[in-house]
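A.B. asks: For the protein sequence lines, the chains are A and B, in the order given.
Under the working numbering, the letters of the first sequence match residues 152 to 530, in that order.
Under the working numbering, the letters of the second sequence match residues 132 to 332, in that order.
C-beta atoms are modelled at their ideal positions from N, C-alpha and C, and glycine is treated no differently.
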Amino acid sequence: MTNPSSVGIVTAQKAVFDQPIALSSGVTLPRYELMYETYGTLNANRSNAILICHALSGHHHVAGRYEETDKAPGWWDNMIGPGKPIDTNRFFVIGVNNLGGCHGSTGPSSIDPETGTPFGSRFPLVLVRDWVETQARLADQLGIHQFAAIIGGSLGGMQALRWTITYPQRVRHALVIASAPKLTAQNIAFNDVARQAILTDPDFHGGDFYAHNTVPRRGLRLARMLGHITYLSDDGMGEKFGRLLRSGEYRYSYEVEFEIESYLRYQGDKFSDYFDANTYLLMTKALDYFDPARHYGGDLAVAMKEAIAKFLVISFTTDWRFAPERSREIVKALLDARKHVSYAEIESAHGHDAFLMEDEPYHKIMRAYLNRVAEEVGA
Amino acid sequence: MNAPMNTQSLRPDLRNVAEWIKPDSTVLDLGCGDGSLLSWLAANKRVQGYGVEIDVDSVTACIEKHVDVIQTDLESGLGTFEDNTFDFVVLSLTIQAMHNIENILAEMLRVGKTGIVTFPNFGFWENRWQLALGRMPVSETIPYEWYNTPNIHLCTIYDFGLLLNKLGMQSTGQIVMHQGATVHFLPNLRGSLALVRFDKV
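1. What are the start and end residues of each continuous alpha helix (DSSP H) run of 4 or more residues lying completely inside the region 236-279 of chain B, in chain order?
2. My parser needs the alpha helix (DSSP H) runs of 4 or more residues fully inside the region 269-319 of chain A; what are they?
3. In chain order, what residues of the same chain have a beta carbon less than 6 Å from the beta carbon of residue 110/A, not counting five sequence neighbours either side?
4. Going by C-alpha to C-alpha distance, which of 232/A, 226/A and 204/A sits closest to residue 249/A?
5. Applying a beta-carbon distance threshold of less than 7 Å, which residues of chain B neighbour residue 496/A?
6. I want to verify the contact list: residues of chain B whose CB lies under 8 Å from the CB of residue 94/A, in sequence order.
7. Output, in chain order, the set of chain B residues within a Cβ distance shorter than 8 Å of residue 523/A.
8. Tell me, please, whether the region 236-248 of chain A touches the region 430-439 of chain A by the rule of three or more beta-carbon pairs shorter than 8 Å.
9. Counting along the chain, where does the alpha helix (DSSP H) carrying residue 347/A start and finish?
10. Could you tell me which chain B residues have their CB closer than 7 Å to the CB of residue 479/A, listed as they occur along the chain?
11. Which chain A residues are close to residue 158/B, counting only those with a beta carbon under 7 Å from its beta carbon?
12. Hey, how far is the Cα of residue 338/B from the Cα of residue 145/B?
13. Examine the Cβ distances between the region 288-307 of chain A and the region 407-421 of chain A and report whether three or more of them are shorter than 8 Å.
14. Is residue 501/A helix, strand or coil when you go by DSSP?
15. Taking only beta-carbon atoms, is residue 326/A less than 9 Å away from chain B?
16. Taking residue 190/B as the query, report the chain A residues whose CB atoms sit under 7 Å from its CB, ordered along the chain.
17. Which class does residue 388/A belong to by DSSP, given the choice of helix, strand or coil?
18. For residue 244/B, which of 233/B, 220/B and 224/B has the nearest alpha-carbon?
19. Taking C-alpha atoms, which residue in 514/A, 525/A and 503/A lies nearest to residue 306/A?
20. Relative to the C-alpha of residue 457/A, which candidate in 446/A, 500/A and 514/A has its C-alpha closest?
21. Is the region 177-191 of chain A touching the region 504-523 of chain A in the sense that three or more CB pairs, one from each, lie closer than 8 Å?
22. Please look up how many angstroms separate the CB atoms of residue 322/B and residue 307/B, rounded, as I've assumed it's under 8 Å.
23. In three-state DSSP terms, what is residue 194/B?
24. Pull the bridge partners of residue 202/B from the DSSP assignment, please.
25. Between residue 519/A and chain B, is the shortest Cβ-Cβ distance under 9 Å, so that the two count as touching?
26. Could you check the C-alpha separation between residue 198/A and residue 288/B for me, to the nearest Å?
27. Look up residue 381/A in the DSSP assignment and say whether it is helix, strand or coil.
28. Given that residue 487/A touches chain B, what residues does it touch there, using C-beta distances under 8 Å?
29. Counting along the chain, where does the beta strand (DSSP E) carrying residue 188/A start and finish?
30. From residue 269/B to residue 252/B, what distance separates their C-alpha atoms?
31. Residue range of the alpha helix (DSSP H) that residue 478/A falls in?
32. Counting only Cβ-Cβ distances shorter than 9 Å, please list the residues of the region 298-328 of chain B near chain A, keeping chain order.
33. What runs of the beta strand (DSSP E), each 3 residues or longer, lie entirely inside the region 204-252 of chain A?
34. Let me know if residue 153/B comes out buried or exposed under the rule of 16 or more other beta-carbons within 10 Å of its beta-carbon.
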């Protein structure tokens, strides 16, 4: 049984880069690998490629399944596929796992060829601009000079934004969803609490826990629980869990009593089983450091003057982690820089996570915009 | 210079608005609906601009027409736009439903040089006649009952002129229409829809 609106069974690929990369932190990686997946077909003039940039805990598996029996498809399967808003009948879609990730791309848990042991604490911090550089090299390998669109939510939106500044001529359209031009102090504070949970876990061993055959599971679990709270809205959480009790009665203990506790602990446990602690630290730092206006006198409009791309910016009403006001800062900078930009503020109860949900007005806007992109590039 | 002038696809009132807008100018269209005006202006007069709309379906319709649109509630002002950014700022059939009319008119001439407002004329004879008979007017341009109307600030053409004066603005053009045709004789009595162009005194 194949679902006609699914990209179906997909296989991840690995791109190897032997040309060294000088990272923003000053460290040079002599060699690295990126995991990626593609769906659809690159057209003859190579104009229909779309790059999907992932958020904090994301990866290259954007749509489809590896095996028929997989419980869940790729993380944006509701958006990407034949006939879906990001239509793989028209576009060649690329999902990539960022450098520093823990899903096959070179990252802290990879073996350092110099020592034969995992990089661990020796893996350098990576900035959003470094990711853009590695993604540009992947595009070179795939023979794509210009993307029809670069699309990302949250930290992915930041990558799309950075692309338009660093490689203006390589991006026709940037779709920046539930994102921000830079983090607020509150955002950085949340990230640091999450990092402290990991850094102070006795199993962390300064980042070299691999050698101790352990993982800082407690820290990762706390970090994820905190993250989850900030990704949902109070209303959404209230609607889903309210004050529901597992047993129907107060038990006067510190065990799981409320359903929300059960949910968060489950999410935390699941996450700590598969996500790398060093990657979590690295990704949250990349978020904290992101500030494309920094080298333009702190003026985002000046930074955005570099861009040639046309923009679609989308936010969600109950997203308080990356609130609509933050998206409006991006929109204002683009207006001040006289760029083509459209902005939609979608009514949603789902908080920051709304960008991953199937919501009709949201998907309609994405579909309308991408139809326009497809017309432009002859896809 | 010889761009194909297709005026047929535009609503009659928007066609008149479009005639006021100079080629190669910049336009902000407030309450832009499905983006028809901007789409037409881009195709026929090389006009660049943005629409502002609150309704999500209209925002989608604009995007379908390749019109740049910013989803915003006009009541919260035009803070997203800097001073003197546009040649023309259009507010079409929206002002009568807004709370703070003085503010939006001031904002229009802050971000743009010339304002264009279209509104239903409460002085239209059918409205006056219904009031004379003791009923709240329901007419072509005010098609609501008193209990379900979104319109909270209805005015006559005469009233609107007075408000412009009060705000230190002046009318530089006026077209009054009824059922798609321009009304020249006794416009404040015979016209159901008014278009007013204005700038600072």
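C.D. replies: So, from the data block:
1. 256-263
2. Segments of the alpha helix (DSSP H) lying fully in the region 269-319 of chain A: 279-293 and 306-317.
3. Lying outside 152 to 530, the shown extent of chain A, residue 110/A is not represented and no answer is given.
4. 204/A
5. 202
6. As displayed, chain A neither begins before 152 nor continues past 530, which places residue 94/A out of reach and without an answer.
7. Within 8 Å Cβ-Cβ: 194, 195 and 197.
8. no
9. 336-350
10. Going along chain B in sequence order, the residues near residue 479/A (Cβ under 7 Å) are 211.
11. None at all; the shortest Cβ gap to chain A is about 13 Å.
12. Look at the range of chain B in this structure, 132 to 332, and you will see that residue 338/B is not part of it.
13. The answer is no - the region 407-421 of chain A does not touch the region 288-307 of chain A, with fewer than three Cβ pairs under 8 Å.
14. DSSP, reduced to helix, strand and coil, places residue 501/A outside both helices and strands of the structure shown, so it counts as coil.
15. no
16. 495 and 516
17. helix
18. 220/B
19. 503/A is the residue among 514/A, 525/A and 503/A whose C-alpha sits nearest the C-alpha of residue 306/A.
20. 446/A
21. The region 504-523 of chain A, when compared against the region 177-191 of chain A, does not touch it at the 8 Å Cβ threshold.
22. 3 Å
23. helix
24. 184/B
25. yes
26. 53 Å
27. Helix at residue 381/A.
28. 213
29. 183-190
30. Cα to Cα, the separation comes out at about 12 Å.
31. According to the DSSP assignment, residue 478/A belongs to the alpha helix (DSSP H) that extends over 475-487.
32. Contacts with chain A (Cβ-Cβ distance below 9 Å) from the region 298-328 of chain B involve no residue at all.
33. 243-247
34. exposed
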